[in-house]
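Have a look at the structure below, then the notes.
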Amino acid sequence: MKKFIHIDMDCFYAAVEMRDNPALANVPLAIGGNSRRGVLSTANYIAREYGVRSAMSNYRAKQLCPDLVIVPGRMQVYKQASSQIRAVFQRYTDLIEPLSLDEAYLDVTESNACHGSATLMAEQIRADIFAATGLTASAGIAPIKFIAKIASDENKPNGQFVVLPEQVDDFLAQLLLGKIPGVGKVTLEKLNLKGLYTGADVRAKGVNWMQQHVGNFGVSLYQKCAGLHIGKVSTERTRKSLSVEHTYEYNKTSLQACLDQLPILLAELQRRLTKQQLEQRINKLSVKVKFANFVVTSADQTCHRLDETILAELLSKAYQRGLQQPVRLLGVGVGVKNEPQQHVQLSILD
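Counting from 154, one number per residue, gives the positions in the sequence shown under the numbering used here.
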């Protein structure tokens, strides 16, 4: 029987800022840029009570919470805290799968710490993290990987939730499908239209029905809801893409205005490719456009080098789909082919 722990730090960036500046501890706080068109990366729990969320524009957040304090992110400080957290994990297991700076899966099946109890390990890990960083974490413990992730959200903040092996069947039967990793808003709406709301609904249909009506994703979803998808911690994550994007203070109202931004975006993308030593692994170029009405479109083409001419053509193609809508955001990116001998650990700093 596997033993998985999912650790999720509590509003990590905001918590670091509140730790380092106690004056921020009791005010609605968010991390983001200074401009009204900037986008928030996270918010503390006080701000969330007003409806403020990550990926929300500063302008919208201020509408919901006029007293919101927005501070710029300090990535090096967050990275340092993340390294301290990772060091705590390594006391208990080498099987660690970081999902971001503030979140990770741990496989503690073979660990002898805390007499082999995953529940006690999670408690001790959270205590060790607090002792090392002054930050709180939440945890989920389960014999199935994705259930551990769901469980870590049950008693936030600064809590943990355990799903024992004998509880898995009932837990999955009652589980709302929207809580399963990989089931987004659009997918959930499609599942609901087919009468699928819980794990029990999926199990009742059977794997053949799910494959016929939902496709390969339906098979995967059935396996999860039936408790057949145990999961495995991946200790190395291979980069598949790299991109740069920018949200503009003022909308771009013409194709030429967008094309004028391309050299700036391209220079930043080149810098990051060089830093990650990925220039020789490019296999695709892509552009992303978000219009003022928040519709997003993209275009891509197979290519093995950065080529401004091709990116300009892709940008023109994507822009035409907006039917003269002003542009709020532009992005450029590359696909990266696998190279088994050179793994790159992903983080939100990349």
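Where a beta carbon is used, it is the ideal one built from N, C-alpha and C, also for glycine.
Buried/exposed call for A290, threshold 16 Cβ in 10 Å = Locating residue 290 in the sequence shown gives position 137, counting from the first residue. When all chains shown are included, A290 counts as buried.
Following the continuous beta strand (DSSP E) through D453, name the residue where it begins and the one where it ends.
-> To locate residue 453, count along the sequence shown from 1; it is residue 300. First-last of the beta strand (DSSP E) with D453: 449–455.
Would you call the CB atoms of V192 and T400 closer than 8 Å?
-> Here residue 192 corresponds to residue number 39 of the sequence shown, with the count starting at 1. Here residue 400 corresponds to residue number 247 of the sequence shown, with the count starting at 1. Yes, the pair counts as a contact, with Cβ atoms nearer than the cut-off.
Assumed close pair M162, L288 - CB separation to whole angstroms, cut-off 8 Å = Here residue 162 refers to the residue found at position 9 when the sequence shown is read from its first residue. Here residue 288 refers to the residue found at position 135 when the sequence shown is read from its first residue. With 8 Å as the limit, M162 and L288 qualify as a contact, their Cβ atoms being about 6 Å apart.
Which residues in the same chain have their Cβ closer than 8 Å to the Cβ of F447, if we skip the five residues on either side of it in sequence?
-> Position 294 of the sequence shown, counting from 1, holds the residue named residue 447. Excluding sequence neighbours, F447 sits near R481.
Cα-Cα, which of R244, N491, Q477 is closest to A445?
-> Position 292 of the sequence shown, counted from the start, is the residue given in the question as residue 445. Checked all of R244, N491, Q477; the closest Cα to A445 is Q477.
Which word fits D255, buried or exposed, when buried means at least 16 other C-beta atoms lie within 10 angstroms of its C-beta?
-> Counted from its first residue, the sequence shown places residue 255 at position 102. So D255 counts as buried.
Of the listed residues E319, L217, Q433, L328, nearest to A304 (C-alpha basis) | Looking up residue 304 in the sequence shown gives position 151. The residue with the shortest Cα to Cα distance from A304 is L328.
With burial defined as no fewer than 16 other Cβ atoms inside 10 Å of the residue's Cβ, what is the status of T112: buried or exposed?
-> The question about residue 112 has no answer, for the chain in this structure spans 154 to 503.
Would you identify the three-state DSSP class for Y258, choosing helix, strand or coil?
-> Counting from 1 along the sequence shown, the entry for residue 258 is found at position 105. Reduced to three states, the DSSP call for Y258 is strand.
Cutoff 7 Å; reference V230; Cβ partners in own chain excluding five residues on either side | Indexing the sequence shown from 1 puts residue 230 at position 77. Correct list, in chain order: V169.
Would V487 pass as a contact of L426 if the rule is Cβ separation under 8 Å?
-> Working through the sequence shown from its first residue, we reach residue 487 at position 334. Working through the sequence shown from its first residue, we reach residue 426 at position 273. It is a contact, given that the beta carbons lie within the stated cut-off.
Since K441 sits in a beta bridge, which residues does DSSP pair it with?
-> For the purposes of this step, residue 441 is identified with residue 288 of the sequence shown, where counting begins at 1. Answer is S451, G484.
Can you tell me where the alpha helix (DSSP H) with G352 in it begins and where it stops?
-> Stepping through the sequence shown from its first residue, residue 352 is reached at position 199. Looking at the DSSP string, the run of the alpha helix (DSSP H) that includes G352 is 352–358.
Could you have a look at L415 and say whether DSSP puts it in helix, strand or coil?
-> As a working mapping, residue 415 is identified with position 262 in the sequence shown. In the three-state scheme derived from DSSP, where H, G and I count as helix and E and B as strand, L415 is classed as helix.
Could you work out which residue in S207, I300, R201 is closest to I383 when comparing CA atoms only?
-> Counting from one through the sequence shown, the residue named residue 383 turns up at place 230. Ranking the options by Cα distance to I383, first place goes to I300.
Span separating the alpha-carbon of V386 from that of D354 = As a position in the sequence shown, residue 386 is number 233, starting the count at 1. As a position in the sequence shown, residue 354 is number 201, starting the count at 1. Cα-Cα distance, rounded: 28 Å.
What does E398 pair with, by DSSP beta-bridge criteria?
-> As a first step, residue 398 is located in the sequence shown; it is residue number 245 there, counting from the start. BP columns for E398 point to G484.
Take the Cβ of P318 as the centre, count every other Cβ of all protein chains shown within 10 Å, and call the residue buried at 16 or more, exposed below.
-> Residue numbering aside, residue 318 sits at position 165 when the sequence shown is read from its first letter. P318 should be labelled exposed.
Would you call the segment 258–276 and the segment 337–352 in contact, with 3 or more CB pairs under 8 Å?
-> no
Do the CB positions of A214 and A183 come within less than 8 Å of each other?
-> For this step, residue 214 is matched to residue 61 along the sequence shown. For this step, residue 183 is matched to residue 30 along the sequence shown. Result yes, Cβ atoms of A214 and A183 sit closer than 8 Å.
Check A196 in the structure and name its three-state DSSP category.
-> Within the sequence shown, the letter at position 43 stands for residue 196. The DSSP-derived three-state label of A196 is strand.
Would you grab the beta carbon distance between A200 and P219 for me? Rounded to a whole angstrom, and I think it's under 8 Å.
-> For the purposes of this step, residue 200 is taken as residue 47 along the sequence shown, with counting starting at 1. For the purposes of this step, residue 219 is taken as residue 66 along the sequence shown, with counting starting at 1. In fact, because the Cβ distance is near 12 Å, the residues do not count as touching under 8 Å.
Assign S236 to buried or exposed, taking buried as 16 or more other Cβ atoms, counted over all protein chains shown, within 10 Å of its Cβ.
-> Within the sequence shown, residue 236 is the residue found at index 83, counting from 1. Exposed, because fewer than 16 other Cβ atoms sit within 10 Å of the Cβ of S236.
Entirely within the segment 184–243 and at least 3 residues each: give me those beta strand (DSSP E) ranges in chain order.
-> Residue ranges of uninterrupted beta strand (DSSP E) with 3 or more members, entirely inside the segment 184–243 and ordered along the chain, are 222–224.
According to DSSP, is N436 helix, strand or coil?
-> The residue given as residue 436 occupies position 283 in the sequence shown. In the structure shown, N436 sits in a strand (DSSP, three-state: E or B).
Using the DSSP secondary-structure output, state which residues sit across from D161 in a beta bridge.
-> Mapped onto the sequence shown, residue 161 falls at position 8. According to DSSP, which records beta bridges pairwise, D161 is partnered with E256, S291.
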